Amino acid sequence: MTSCPRFSRKVGECESIIAYEFNSKSLCAQALNTAADSMSICVMDGSFKRIPKNDRLAVYGDAAAAAYLCSLWIKGGLPKYCWTTLRRDLISNEKLTRVGREEGLHKCINMNGGTTRVSSGMVATAVEAVLGAVEIDGGRDALARVMKHLGLTDHALLGSVKFFPLDNLTHLIYIGAFAATMEFPRDIDL
Numbered sequence: 001m002t003s004c005p006r007f008s009r010k011v012g013e014c015e016s017i018i019a020y021e022f023n024s025k026s027l028c029a030q031a032l033n034t035a036a037d038s039m040s041i042c043v044m045d046g047s048f049k050r051i052p053k054n055d056r057l058a059v060y061g062d063a064a065a066a067a068y069l070c071s072l073w074i075k076g077g078l079p080k081y082c083w084t085t086l087r088r089d090l091i092s093n094e095k096l097t098r099v100g101r102e103e104g105l106h107k108c109i110n111m112n113g114g115t116t117r118v119s120s121g122m123v124a125t126a127v128e129a130v131l132g133a134v135e136i137d138g139g140r141d142a143l144a145r146v147m148k149h150l151g152l153t154d155h156a157l158l159g160s161v162k163f164f165p166l167d168n169l170t171h172l173i174y175i176g177a178f179a180a181t182m183e184f185p186r187d188i189d190l
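Quick note, the sequence shown lines up with residues 1 to 190 if you use UniProt numbering.
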């Protein structure tokens, strides 16, 4: 990203907070952007570019964070009701807002001109979008490290679960081993 001091500063602050350096700085800028007006325009490579809003990345980040957390839940062999507890306690909008404010990510959010206050919804959405951007940029291992760094995997229910970044092969082997231990009714032809 060139000639865009506002976004460059915010991206640098975000990277410092989450302890992850983006290969694609523009992906991080998008994760931090809630603006749809002129505040979303930046000069890159000699031309004006509009940085997209972060809402699509937030949907992706919500799903990616839930999938990683779910893999820890499965690995721990925890009962089904624990999944609801983990999701509520670790990746709810309330929790993401709290983490975003405590860590200072709310200061990195790019807002529409005239907007003076960062709402709770903006913070939660930005945290989800950052998680999505990390997963797209660096893969599941990077997402696992950032979630751990932000405390989004710290829960008493996961105390005995060894945290692990999963590469695709490990994930396939683990899911295959998990499926092999399941009992299926004999009348179903698999």
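For glycine and all other residues, C-beta sits at the position ideal for the given N, C-alpha and C. Fair warning: this is a prediction, and the values are worked out from it, not measured in the lab.
Pairing residue 78 with residue 69, the inter-Cα distance amounts to about 12 Å.
Annotation for residue 47: the continuous beta strand (DSSP E) segment containing it runs 47–50. Membership of residue 93 in the alpha helix (DSSP H) is indicated by the continuous run 93–103.
DSSP places residue 42 within a strand segment (E or B) once states are collapsed to three. For residue 134, the closest alpha carbon among the candidates 4, 7, 14, 72 is that of 14. Looking at 4, 26, 142, 107, the one whose alpha-carbon comes closest to that of residue 46 is 4.
Check the Cα spacing between residue 112 and each of 51, 40, 158, 64: the tightest is with 40. In this structure, residue 143 and residue 64 form a Cβ contact; the two beta carbons are roughly 6 Å apart against a cut-off of 8 Å.
Per DSSP, the continuous alpha helix (DSSP H) segment holding residue 17 begins and ends at 5–18.
Taking a C-beta distance under 8 Å as the contact criterion, residue 105 and residue 146 do not qualify as a contact pair.
A distance of 8 Å or more separates the beta carbons of residue 110 and residue 23. Residue 154 has its alpha-carbon roughly 7 Å from the corresponding atom of residue 148.
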